[in-house]
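Chemist: Just so you know, this note's numbering puts 385 at position 342 of the sequence shown, and the rest follows in order with no gaps.
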Amino acid sequence: MQLTVGDIIRLLEEWVPPRIAMDGDKIGLQIGSPVNRVNKVLVTLDVTEEVVEEAIRVGAEMIVSHHAVIYSSIKKLRTDSYYGRMIAKLLAHDISVYVAHTNLDIAEGGVNDVLAHLFQLQNVEILERMHNQRLKKLVVFVPATHHEQVLSAISSAGAGWIGNYSHCSFNTPGMGTFQPEEGSAPFIGESGKLERVEEVRLETIVSEDIQERVVAAMLSAHPYEEVAYDLYPLEIMGKPFGIGRVGTLQQEMTLEEFAQRVKRELNVPGVRIVGGRDRKIKKVAVVGGAGAEWIDSALQRGTDVFVTADLKYHDAQDAFYKGLAMIDPGHNGMERLVVPAVVIFLQNRFAQEGFQAKVLASEVLTDPFYFL
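Laid out in structure tokens, this is it:
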């Protein structure tokens, strides 16, 4: 099957929906068109001229980036400047750029979950809740002969999840009536004759993020020419989404020992530490990228150490005097490890949908800092 930019956006936004991004975040398709065809995707943390040249070299028609390439209003685009030259290369080679930023931070399996897993945290929870998944009730009327077929199709597409339980549904038998009119091609019955059919009212729950996929699966599995179904918005809250993660270590260790783990797992040349080296650490909070604004949230959750990047001098001082240890591994070091997670996600979804496109992780190091 031929893959398009729009197909990739659809798949990504099932995982990292734009609605969970923080207000004002620069996300989405920033360069290119949804109808452009794609055979190769390059995933990166940042879009730099070196990354663009890499995309050209490997033949990628699309770049998926964590950080935006367009992050403020463009008043001029001079091709004798670094930024203008980079944009010109993207346009000249018809390379689309899609950005998933704070929605990738917040989403399950995104930046902060990758970090929590690397740091071996247990009993992981959201540091600060910001959204809840929106849920809908799907009701469809199915002839009894095809009930199991439709139920299997919508469940496989992701409907019917309540907590850790899948395939949740309620099924009520009844009598359906309909009269095919001129021009119809009914699966059951004859034109102009009222039909009565034993049907099942199939009810299940579906998250708004995947409702299009579930409805498509339902329509494909349903035998009727015209399918009777309803989608009702629900007031109950679904899965929570939020910034950061908080969890516990399997065993207590010193701040220095945990900082060494952070340094090793992120493969960074050094980390900045706030707090006594021998301080005992058990509960850990983490926010990928710049997360100083959640220092108080970390304190409220009773954490011993907060791992985040881009700490300012006075933020570090405040945290120290409030009794919170800090570890700063650098912005790039904290977030670049989400690139393989995006690659794996796209590879799996392409395989599920029958797309043959390749997904590559950028090999360009975009960190502007180095240690002397």
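Note that CB positions come from ideal geometry on N, CA and C, so glycine has one too.
Quick caveat: nothing in here was measured; it's all calculated off a predicted structure.
Determine the direct distance from the alpha carbon of Phe349 to that of Arg304, and round the result to whole angstroms.
Modeler: 14 Å
Chemist: When DSSP builds the beta bridges, which residues end up paired with Ala404?
Modeler: Ala404 is bridged by DSSP to Val86.
Chemist: Exposed or buried, what is Pro312 when buried is set at 16 or more other beta-carbons lying within 10 Å of its beta-carbon?
Modeler: exposed
Chemist: In whole angstroms, what is the alpha-carbon distance linking Asn375 and Phe284?
Modeler: 23 Å
Chemist: Can you check which of these residues, Phe363, Arg322 and Glu224, is closest to Ala335 by C-alpha distance?
Modeler: Phe363
Chemist: Measuring alpha carbon to alpha carbon, tell me which of Tyr272, Gly232 and Gln165 ends up nearest Glu435.
Modeler: In this structure the chain extends from 44 to 415, so residue 435 is not present and cannot be described.
Chemist: Per DSSP, what kind of secondary structure is Tyr267 in: helix, strand or coil?
Modeler: coil
Chemist: What are the boundary residues of the alpha helix (DSSP H) that includes Leu134?
Modeler: Tyr125 to Ala135
Chemist: Is the stretch 57-66 in contact with the stretch 84-94, if contact means three or more CB pairs nearer than 8 Å?
Modeler: no
Chemist: May I have the straight-line CA-CA distance separating Val81 from Glu104, to the nearest angstrom?
Modeler: Straight through space, the alpha carbons of Glu104 and Val81 are spaced by roughly 5 Å.
Chemist: Apart from the five residues just before and just after Thr346, which ones in its own chain have a Cβ nearer than 8 Å to its Cβ?
Modeler: Val289, Lys326, Val327, Ala328 and Leu367
Chemist: When you compare the CB positions of Asn155 and Gly287, do they come within less than 9 Å of one another, or not?
Modeler: yes
Chemist: Applying the criterion that 16 or more other CB atoms from any shown protein chain within 10 Å of the CB defines a buried residue, is Ala135 buried or exposed?
Modeler: Only exposed fits Ala135, as fewer than 16 other CB atoms lie within 10 angstroms of its CB.
Chemist: For Phe363, write down the residues that DSSP places opposite it in a beta bridge.
Modeler: None; Phe363 has no bridge partner.
Chemist: Report the rounded CA-to-CA distance for Ala404 versus Tyr356, giving the unit in angstroms.
Modeler: 34 Å
Chemist: Taking Asp68 as the reference, give the member of Val142, Val95, Gly127 and Thr122 with the closest Cα.
Modeler: Val142
Chemist: At what residues does the alpha helix (DSSP H) containing Asn375 begin and finish?
Modeler: For Asn375, the enclosing alpha helix (DSSP H) stretches over residues His374 to Glu378.
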